[in-house]
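Colleague: Got a structure here, written out as structure tokens. Questions coming.
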């Protein structure tokens, strides 16, 4: 069996509550590691972890996105499968809970 490593990045800049960030990041990594241990693909684990980051208002992603001058959150996401070199991306999408999942769908429909 091949061992796997899973790393995530919660952003840069001033962190208001480091203990909340650390607890959130730890929970997200543990959730993704659990998927890997159950046999999920690395790509599935990555999409899952990024979606959890997008769902957490602590991060400037998805639900916690910084709003533009019009008060709207415009989100971008991209994903690539290193084995096949297939990729998918979305830009400036509104009203999408998990842009990474939409990018994953785009990748699946791209030739």
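Residue numbers (the working numbering): 1064 to 1174. For each residue, glycine too, the CB sits at the ideal point set by N, CA and C.
Output needed for residue 1129: all residues of its chain with C-beta closer than 8 angstroms, excluding positions within five of it in sequence on either side, in chain order.
Modeller: Excluding sequence neighbours, residue 1129 sits near 1123 and 1136.
Colleague: From this set, 1158, 1172 and 1173, which residue's C-alpha is nearest residue 1117's C-alpha?
Modeller: Ranking the options by Cα distance to residue 1117, first place goes to 1158.
Colleague: Going by the beta-carbon positions, is the gap between residue 1160 and residue 1121 smaller than 8 angstroms?
Modeller: No, they are not a contact pair.
Colleague: Considering only residues of the segment 1074 to 1141, which uninterrupted alpha helix (DSSP H) runs meet the minimum length of 4 residues and lie entirely inside it, listed in chain order?
Modeller: Entirely contained in the segment 1074 to 1141, the alpha helix (DSSP H) runs reaching 4 residues are, in chain order, 1081 to 1100 and 1105 to 1118.
Colleague: Could you compute how far the alpha carbon of residue 1144 sits from the alpha carbon of residue 1103?
Modeller: Going by the C-alpha atoms only, they are around 14 angstroms apart.
Colleague: Assign residue 1100 to one of two classes, buried (16 or more other C-beta atoms within 10 Å of its C-beta) or exposed (fewer than that).
Modeller: Exposed, because fewer than 16 other Cβ atoms sit within 10 Å of the Cβ of residue 1100.
Colleague: Within a Cβ cutoff of 6 angstroms, which residues of the same chain sit near residue 1141, ignoring the five residues on either side of it in sequence?
Modeller: So the list reads 1152 and 1166, once near-sequence residues are dropped.
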